[in-house]
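*Asks:* The structure follows.
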Amino acid sequence: MAETVLVTGGAGYIGSHTALALLEAGHDVVVVDNYVNAKPGALADVEDVTGRSITVVDGDARDRKLVEHTMRENGVTAVIHMAALKAVGESVEMPIEYYGNNLESAISTLDAMRAAGVWKFVFSSSATVYGDPESCPIPETASIGATNPYGMTKQMIEVILEDVAASDERWTITSLRYFNPIGAHESGRISEAPIGKPNNLMPMVMDVATGRRDKVMVFGNDWPTVDGTGVRDYIHVMDLVEGHVAALEAMSAQSGYEVYNLGQGRGTSVLELIKAVEDVTGLSIAYEITDRRAGDIAECVADPTRANTELGWKTRRSTADGCRDSWNSQNT
Ligand SMILES: NC(=O)c1ccc[n+]([C@@H]2O[C@H](COP(=O)([O-])OP(=O)(O)OC[C@H]3O[C@@H](n4cnc5c(N)ncnc54)[C@H](O)[C@@H]3O)[C@@H](O)[C@H]2O)c1
């Protein structure tokens, strides 16, 4: 069934790719974004690449009336809620802003949905809810315990969603716990373009590759991992967003609350990622080993079995593909 999907935060990195995947799968897309971390141009490129148009509303997901009106006006049938502040380090310094924006936007969007009679909700959660995992790969049944305010906003919203789903059988709610998205659409037209200083590893590596910064800071080489640097599960953003389409399409046959990991199920260290970028670019990426960052963890790798079996979804792209497409998007 074709859905009309409101993507809150849809002008951002993952949101713009999600809009593209939804349009390509035959769904319609409406976006509400306040541009706190995005530039309006990203969605014009999505429209160009797909040949389809998107209804874009410049507004805040905390504005309940605006979100309700937007849903009614456009016949929205499902919501993917991505609007959030997402920098772990910044969240430690600005917990009021993080709890305020992330919790209020989720609750307000749910309230607007109930008022408009829209009951399908997909939530952008994060592997950060696992905190420092006891072992890897991590299944959805592993214990939860975020170690920073950003992760805690995701954990708290998951708790709220479970209660909301249990409160009324019309709700179908899915939390998707993303591991580490990298890469871009193969056209290279849609990229990760955070406003201000990047926080994630790949945008930092890209800044060095393009000469915008001198070196990548590597936080610790004494972790109990393959080469001492942190190991993460890098998932190509196109695989990630295809997971959203699969989750949305599975909802018609579901009810209640579901949680899925979206990851490759394969770990890559910081130094391996830098080497993979060197291989695809032919450039040398300077880096400096520095102290561990407070709150960091050695390893975080998904067990994606539940999404593989229940959603019929699998990653199709490698970490090297993600490096190539991140680089490609810098040069297009
Ligand atoms: N990128 C990652 O590594 C990662 C990992 C796990 C989870 N996530 C989650 O996925 C979602 C999307 O992440 P992203 O990487 O695309 O980040 P992003 O910053 O590129 O996108 C978030 C978008 O939300 C918008 N926004 C923020 N608050 C808003 C509000 N109150 N109202 C309207 N718009 C608002 C921003 O302008 C931005 O366009 C977020 O919820 C994030 O927490 C991201």
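Mapping the sequence shown onto our numbering, position 92 (from 1) lands on 188, and the numbers just tick up by one. C-beta atoms are modelled at their ideal positions from N, C-alpha and C, and glycine is treated no differently.
1) Applying the 10 Å Cβ sphere with the 16-neighbour rule, what's the burial state of K161?
2) Given this structure, state the Cα-to-Cα distance separating V132 from N198, to the nearest angstrom.
3) Tell me, please, which residues DSSP counts as bridged to I278.
4) Would you check if the distance between the CB atom of P233 and the CB atom of V397 is smaller than 8 Å?
5) Taking DSSP as the reference, what is the three-state secondary structure of M347?
6) Could you please give me the residues that DSSP links to D431 through a beta bridge?
7) Are the CB atoms of A212 and R148 within a distance shorter than 8 Å?
8) Do T243 and Y195 have their C-beta atoms closer together than 8 Å?
9) Count the other C-beta atoms from every protein chain shown that fall within 10 angstroms of the C-beta of N424, then say buried if there are 16 or more, exposed otherwise.
10) Sort Q350, D335 and E395 by Cα distance to V322 and report the nearest one.
11) For G316, which residues in the same chain have their Cβ closer than 6 Å to its Cβ, ignoring the five residues on either side in sequence?
12) Label M178 either buried or exposed according to how many other C-beta atoms from any shown protein chain fall within 10 Å of its C-beta, with 16 as the threshold for buried.
13) To the nearest angstrom, report how far apart E230 and V366 are at their CA atoms.
14) Mapping DSSP to helix, strand and coil, what is L272?
15) In terms of residues, what are the limits of the beta strand (DSSP E) holding V153?
*Replies:* In short, the structure shows the following:
1) Exposed, because fewer than 16 other Cβ atoms sit within 10 Å of the Cβ of K161.
2) When only Cα atoms are considered, V132 and N198 end up about 13 Å apart.
3) H332
4) yes
5) helix
6) Residue coverage of the chain in this structure runs from 97 to 428, which leaves residue 431 outside it and unanswerable.
7) no
8) no
9) buried
10) E395
11) Around G316: R388.
12) buried
13) Answer to the nearest angstrom: the Cα atoms are 21 Å apart.
14) strand
15) T151 to D154
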